[in-house]
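J.: One structure, pasted below without further comment.
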Amino acid sequence: MDEISKLLTAMRSSLDEDILLAGGIIKDGVQPVNDKEWQYVVSASPKRQQEFSCGRLYAHRLLDQVGFTDFVIGRDSQGCPQWPDGVVGSISHTSDFCVALLAKSIRYTSLGIDLELSGRLKASLWPRLFARSEIRQLEQISDAARRMRHAAIIFSAKEAFYKCDYPLNHRCYEFTDAEVALDETTRCLQLSISRDGGRVEYGGCYAAGMTHVMTAIVSSR
Ligand SMILES: CC(C)(COP(=O)(O)OP(=O)(O)OC[C@H]1O[C@@H](n2cnc3c(N)ncnc32)[C@H](O)[C@@H]1OP(=O)(O)O)[C@@H](O)C(=O)NCCC(=O)NCCS
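Our numbering applies: residue 552 is where the sequence shown begins, and numbers increase by one.
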């Protein structure tokens, strides 16, 4: 099984069954799903057009499954996808893979999905991205590959959190405001963040492959 298929299988086994996930390899020559969405990237680079179209392609496959066959996925001024009423979702891509996550809003208020390469976050970047407690955790991991993977998962969870939180609250955060705890047995994660004088908790899950990691944050009703 290839890397993205393994990640998708692992994530599906962790997500509730009413959360839909689709993704794959970004291929050359993917056609835009519709002309209106194409307008968002008409002047972008071919690479950006490809990743955008692939993300939308998988998002549309999921929308078809919940009965929205001709919907145009708009975007707001920040790039946040605009889903049909009654649906929440999220999109992510790396240079080679893309993924979409979707659910009905009767049970979920928002979702966030993120894909990252696992070997890129050098220790010099950690103080900007991670809380002190997270850095302490990372420093205790002696195996270098495992440490890099762990760092990528924590970072990815913060990106997934932002995508989940933005449609609800339209807020910006510092990466160091959030703290992520991973349970390596269940592949569940908890993200807590300071807000309005208190700490707010979000739950999610993750999958780690050889080269990439995927995380999801789920906000339930
Ligand atoms: C927006 C952002 C999350 C995108 O993440 P990325 O890793 O660069 O790119 P990804 O491919 O994973 O995600 C891109 C997709 O996110 C979605 N997206 C963009 N802005 C979004 C927003 N404000 N809210 C929700 N989803 C958004 C879009 O679907 C976009 O793909 P598309 O333009 O092809 O439709 C990132 O650029 C960013 O701003 N990060 C800061 C997050 C932050 O502040 N974290 C601290 C919280 S603790």
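Here a beta-carbon is modelled for each residue, glycine too, at the ideal position from N, C-alpha and C.
Nothing here was measured: the structure is a model prediction, and the numbers come from that model.
Could you have a look at residue 620 and say whether DSSP puts it in helix, strand or coil?
T.: One-based indexing of the sequence shown puts residue 620 at position 69. Residue 620: coil per DSSP, three-state reduction.
J.: At a Cβ threshold of 8 angstroms, is residue 577 touching chain B?
T.: Among the chains of the structure shown, chain B does not appear; only one protein chain is present.
J.: Give the single residue among 629, 602, 635 whose Cα lies nearest to the Cα of residue 617.
T.: Taking the sequence shown and counting its residues from 1, one reaches residue 617 at position 66. Here the closest residue by C-alpha is 635.
J.: So does residue 597 have its beta carbon nearer than 7 angstroms to some heavy atom of ligand 1?
T.: In the sequence shown, counting from the first residue as 1, residue 597 sits at position 46. The answer is no for residue 597.
J.: Quick check: does the Cβ of residue 648 come within less than 7 angstroms of any heavy atom belonging to ligand 1?
T.: To locate residue 648, count along the sequence shown from 1; it is residue 97. Not under cutoff, so the answer is no.
J.: With distances taken Cα to Cα, identify the nearest neighbour of residue 570 among 714, 678, 631, 658.
T.: As a position in the sequence shown, residue 570 is number 19, starting the count at 1. Closest by alpha carbon: 658.
J.: Looking at residue 581: is its Cβ nearer than 8 angstroms to the Cβ of residue 609?
T.: Indexing the sequence shown from 1 puts residue 581 at position 30. Indexing the sequence shown from 1 puts residue 609 at position 58. Result no, Cβ atoms of residue 581 and residue 609 do not sit closer than 8 angstroms.
J.: State yes or no: is the C-beta of residue 752 nearer than 7 angstroms to some heavy atom of ligand 1?
T.: For this step, residue 752 is matched to residue 201 along the sequence shown. No.
J.: Just curious, the alpha helix (DSSP H) that residue 688 is in, first and last residue?
T.: The residue you call residue 688 lines up with position 137 of the sequence shown. Segment 683 to 690, the alpha helix (DSSP H) holding residue 688.
J.: For residue 547, which residues from the same chain have a beta carbon less than 7 angstroms from its beta carbon, with the 5 sequence-adjacent residues on both sides left out?
T.: In the structure displayed, the chain extends from 552 to 772; residue 547 sits before or after that span and is not available.
J.: Any idea if residue 725 is buried or exposed, counting beta-carbon neighbours within 10 angstroms, 16 or more meaning buried?
T.: Residue numbering aside, residue 725 sits at position 174 when the sequence shown is read from its first letter. Exposed.
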